[in-house]
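In what follows, a single structure is set out as structure tokens and then discussed.
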């Protein structure tokens, strides 16, 4: 039995006071709102309560101090129905700590309660740390996305220039999900009907180096751990630190997916900024309370380590102790998978009878995490990264062009696709990059490695080059960073097709209310460009230098059913070098500077800034000069709506008067995705298509022929 003397008791109390005082000294800011009266706050009142200089949302009735069961007073924020952005949703302010000191390394925690009937929608901002001066700024906020998926949302003073950088960083212990928009399956989520404890740690990098740290814990569990960040500060930005809480929460985004369908509320409590770890107590009580968190650290190894593949031994030892109690257990995880729990010191793994438990890790980075739990259930954790390297090899990846197989000569107006084959004999391909004359086009991370195809982010990424000789280079990088490349020469020749004399050496002749019902387009525009065109009419009198009409008709009222640009266009049509500038037309891609000419009674516009050529005509066939073998022509004809019927269609779509040269029919949705394709025999003039499987919506019919690509019309599917 242990007997406590008065001296023992004084020593224990002294130690407790010393530790508590030390923890308080590390606190930079703390606010649990219990000292504030409850009720709705206007801007002046909340500015005084928080020591802030501004607050959006308070005067609009969206900021409250409210009593919450078992929590005392909390901050209550309203997100009105159908509203987004800081002017209309949530609250938005910055809270500076008393010293206004800028710090390079800080912990920040708070609690947020999400009601059971809450709508996360497409996303909303959450508070974070920030830096703000009159010249520089940085924000390190958080966001929730669909279903409460949690992520960092960072804006740095200088936007990082590395390929693939995004402001959003998913909270997950594996690499961020590569598919656009994510989320990855194991990304952590905020829980409804519960208080969620969020803690973040930011250690700003040395400018120009990748030694920054970005960590996050949700309810005490490590959810993100980046230890090689180089984005916080670029060269010359050593003065940037963290000097305020960016207390900003609102639904944000331009689409209706972000807008709440009803009034929503969230509750916030216990904002703490500290120079040391704050921790989580596992319940609704204040974090960092009377029970001190246990201490835990790796003894062996004491820092990040590197080891060769096939290693035969790797022992791990952890130090753990608790100042105000005892250690209940220590668990070791690798990549978030539990290895084993030790209940008694020394806390060791990978030795004696358990010598093999840490062997066999694959090549790559692995996160070792030790979690210590004290006798009151509080936990602390620490991590290190073990990098397993492949045995040194001189092998570089193999790379070659599949399509084209070698040097290629094309004519202006060409349509090019590139296919690359890349393999690594002793590893894997990390990515393949494509360049034209050393100008980066795009990176592919997974086979097939293709560019310029219909599924590409930009199917026209290889098209539109002027006449000349170009080097196309593909560079493969393997998992060890080794590279190899393949090149081919692309020669682009001047096109004899449509070589109109532009600019014209004479002015435009009079056009007295002339109508054109067809638009033939060449030169890299999207298949939806002018797809709603019905006709254009023009009235031009060179004698009086008067453009009295330049009117478009559409088949869907976008931007209008009938719209005249004669008053908004800038033009010089009377003298040599006739030209026109179309602006604010409402047609995507039409605003541009054009040379203007007449050819065989057809009105021709040629962009000064791109390869786009538009021929307005009364013939369904494009000019002969636009029908060259290497030309890709889109002809718009929405004057014969009877060709495609019924419209809207339920199941069977009929198409009459097919061109003799037609060989394929395709249907695209309004995002440009092909959803239907069927070959056509040369003797078919009529066609019936069963579209019962198509979803409801709007679609384009596209008929491919040996003469041209023809988009006949759009139709609706019910």
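In my numbering, the protein residues as written are 1417 to 2134. Beta carbons: idealized from backbone N, C-alpha and C, even for Gly.
(message) Here's the rule I'm using: 16 or more other beta-carbon atoms within 10 Å means buried, otherwise exposed. How should residue 2147 be labelled?
(response) Lying outside 1417 to 2134, the shown extent of the chain, residue 2147 is not represented and no answer is given.
(message) Can you list, in chain order, the residues of its chain with a C-beta nearer than 8 angstroms to that of residue 1776? Leave out the 5 residues immediately preceding and following it.
(response) Within the same chain, no residue comes within 8 angstroms of residue 1776 by CB-CB distance, once the 5 residues on both sides are set aside.
(message) For a quick check, are the C-beta atoms of residue 1851 and residue 1889 less than 8 angstroms apart?
(response) It is a contact, given that the beta carbons lie within the stated cut-off.
(request) Note down, in chain order, each residue of its chain lying with its Cβ closer than 6 angstroms to the Cβ of residue 2092, except the 5 sequence neighbours on either side. (result) Closer than 6 angstroms at the Cβ level, and outside the excluded window around residue 2092, lie 2083.
(request) Within the same chain, show all residues whose beta-carbon is closer than 8 angstroms to that of residue 1456, passing over the 5 residues directly before and after it, in chain order. (result) Here residue 1456 has 1477, 1479, 1480 as same chain residues with Cβ atoms under 8 angstroms from its own Cβ, once five neighbours each way along the sequence are excluded.
(message) Using C-beta distances below 6 angstroms, list every residue in its chain close to residue 1529, excluding the 5 sequence neighbours before and after it, in chain order.
(response) These residues qualify, in order along the chain: 1611, 1683.
(request) Verify whether the separation of the beta carbon atoms of residue 1538 and residue 1669 is less than 8 angstroms. (result) When the beta-carbon positions are compared, residue 1538 and residue 1669 come within less than 8 angstroms of each other.
(request) Just mark residue 1451 as buried or exposed, buried being the case when its beta carbon has 16 or more other beta carbons within 10 Å. (result) By the 10 Å Cβ count, residue 1451 comes out exposed.
(message) Just to confirm my understanding: we take residue 1738, look at its own chain, exclude 5 residues before and 5 after, and list those with CB closer than 6 angstroms. What are they?
(response) Cβ within range, chain order: 1710, 1790.
(request) For residue 1532, name the three-state secondary structure that DSSP assigns. (result) It is coil, neither helix nor strand.
(message) With H, G and I counted as helix, E and B as strand and the rest as coil, what does DSSP make of residue 1769?
(response) In the three-state reduction of the DSSP assignment, residue 1769 falls in the helix class.
(request) Just tell me which of 1805, 1766, 1800, 1796 has its CA closest to the CA of residue 1778. (result) Of the candidates 1805, 1766, 1800, 1796, the one whose C-alpha sits nearest the C-alpha of residue 1778 is 1805.
(message) Quick test of your reading: residue 1932 and residue 2032, contact by CB under 8 angstroms. State the CB separation rounded to the nearest angstrom.
(response) Between the beta-carbon of residue 1932 and that of residue 2032 there is about 4 angstroms, and that keeps the pair under the 8 angstroms contact cut.
(request) Could you have a look at residue 1420 and say whether DSSP puts it in helix, strand or coil? (result) Bear in mind that the predicted position of residue 1420 carries a pLDDT of just 36, short of 50, making it too unreliable to give a figure here.
(request) Work out the CA separation of residue 1560 and residue 1505 for me, nearest whole Å. (result) Put simply, the backbone Cα of residue 1505 is about 15 angstroms away from that of residue 1560.
(message) I'd like the list of long-range same chain contacts for residue 1909, defined as Cβ closer than 8 angstroms, with 5 residues on each side in sequence excluded.
(response) Excluding sequence neighbours, residue 1909 sits near 1825, 1826, 1827, 1828, 1883.
(message) Is the separation between the beta-carbon of residue 1556 and that of residue 1508 shorter than 8 angstroms?
(response) A distance of 8 angstroms or more separates the beta carbons of residue 1556 and residue 1508.
(request) Would you give the residue range spanned by the alpha helix (DSSP H) that residue 1466 belongs to? (result) 1459 to 1466 is the extent of the alpha helix (DSSP H) around residue 1466.
(request) Check each candidate in 2000, 1898, 1993, 1716 and name the one with the smallest Cα separation from residue 1845. (result) The alpha carbon of residue 1845 has as its nearest neighbour, out of 2000, 1898, 1993, 1716, the alpha carbon of 1898.
(message) Would residue 2064 and residue 2116 be called neighbours here (beta carbons separated by less than 8 angstroms)?
(response) Pairing residue 2064 with residue 2116 gives a Cβ-Cβ distance that is not under 8 angstroms.
(request) Assign residue 2118 to buried or exposed, taking buried as 16 or more other Cβ atoms, counted over all protein chains shown, within 10 Å of its Cβ. (result) By the neighbour-count rule (16 or more Cβ atoms within 10 Å), residue 2118 is buried.
(request) Please list, in chain order, all residues of the same chain as residue 2011 whose beta carbon is under 6 angstroms from its beta carbon, the five residues on each side excluded. (result) Closer than 6 angstroms at Cβ, skipping near neighbours: 1918, 1919, 1995, 2022.
(request) Quickly, what does DSSP pair residue 1616 with across the bridge? List them, please. (result) DSSP lists 1524, 1632 as partners of residue 1616.
(message) Does the contact criterion of 3 or more C-beta pairs under 8 angstroms hold for the segment 1969 to 1983 versus the segment 1939 to 1956?
(response) Under the 8 angstroms Cβ criterion, the segment 1969 to 1983 counts as touching the segment 1939 to 1956, having at least three qualifying pairs.
(request) Taking all protein chains shown into account, decide if residue 1677 is buried (16 or more other Cβ within 10 angstroms of its Cβ) or exposed. (result) Result: exposed.
(message) Tell me which residue opens and which closes the beta strand (DSSP E) that residue 2090 is part of.
(response) Per DSSP, residue 2090 belongs to the beta strand (DSSP E) from 2090 to 2095.
(request) For residue 1690, count neighbouring C-beta atoms within 10 Å of its own C-beta (all shown protein chains included) and say buried if the count is 16 or more, exposed if not. (result) Per the 10 Å Cβ criterion, buried.
(request) Return the first residue and the last residue of the beta strand (DSSP E) that residue 2101 is part of. (result) That residue, residue 2101, is in no beta strand (DSSP E); it is neither H nor E in DSSP.
(message) Taking 8 angstroms as the limit between beta carbons, can you name the residues of its chain near residue 2134, skipping five residues before and five after?
(response) Contacts found: 2064, 2065, 2066, 2112.
(request) Could you pull out every unbroken beta strand (DSSP E) segment of at least 3 residues lying fully inside the segment 1959 to 2020, listed in chain order? (result) Counting only runs of 3+ residues, the beta strand (DSSP E) found wholly inside the segment 1959 to 2020 occupies 1962 to 1970, 1978 to 1980, 1986 to 1988, 1995 to 1998, 2008 to 2015, in chain order.
(message) Residues in the same chain with beta-carbon distance under 6 angstroms from residue 1930, minus the five sequence neighbours each way, listed in chain order, please.
(response) Once the five neighbours on either side are set aside, the close Cβ partners of residue 1930 are 1954.
(request) Could you give the DSSP three-state label for residue 1595: helix, strand or coil? (result) Since pLDDT at residue 1595 reaches only 40, below the 50 mark, its modelled position is unreliable, and the value read off the structure follows with that caveat. Look at residue 1595 here: in three-state DSSP terms it is coil, with no helix or strand label.
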